[in-house]
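Note sheet for the following structure.
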Amino acid sequence: MSRSFNVSIASVAAALLLSGPAFAASLQPAAGEGPFFNDVTVRSAVQRQDVRADAARHMPAAGEMSAQAEVRPASTVTRAEVRASTREAIAHGFRVASGENA
Numbered sequence: 295m296s297r298s299f300n301v302s303i304a305s306v307a308a309a310l311l312l313s314g315p316a317f318a319a320s321l322q323p324a325a326g327e328g329p330f331f332n333d334v335t336v337r338s339a340v341q342r343q344d345v346r347a348d349a350a351r352h353m354p355a356a357g358e359m360s361a362q363a364e365v366r367p368a369s370t371v372t373r374a375e376v377r378a379s380t381r382e383a384i385a386h387g388f389r390v391a392s393g394e395n396a
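Under the numbering used here, residues 295 to 396 are what the sequence shown spells out, in order.
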């Protein structure tokens, strides 16, 4: 009796172990695997030649150092004035962010 009980428990355990991946499957399809039953067709108002002409006018950045730097105006404040305003702010309770928590 105990042998048949052990065999039945072993077969149930084996069935549960082998069917685990089947239960782990998602109910929703993965990206790109969904059914394509949308029959909506959208027509573009832009012609192909217009798109190509626009692409030729705005070439993509390629190569090293191809980005253009933003031109900043020269500062009108001196280093001494910045230090003085920082000291004044600290005196009035402003805490300078420094260290690992900055």
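Cβ coordinates follow ideal geometry from the N, Cα and C atoms, glycine included.
>> Using 8 angstroms for Cβ pairs, my map puts A361 next to A355. What's the rounded Cβ distance?
In response: 6 angstroms
> What are the boundary residues of the alpha helix (DSSP H) that A378 is part of?
Replying inline: 373 to 385
>> Taking 8 angstroms as the threshold (C-beta atoms), are I384 and V390 in contact?
In response: yes
> Taking 8 angstroms as the CB-CB limit, is A309 close to chain D?
Replying inline: The structure shown contains no chain D; it holds only a single protein chain.
> What did DSSP end up calling A308 once you bin it into helix, strand or coil?
Replying inline: Here A308 sits in helix by DSSP.
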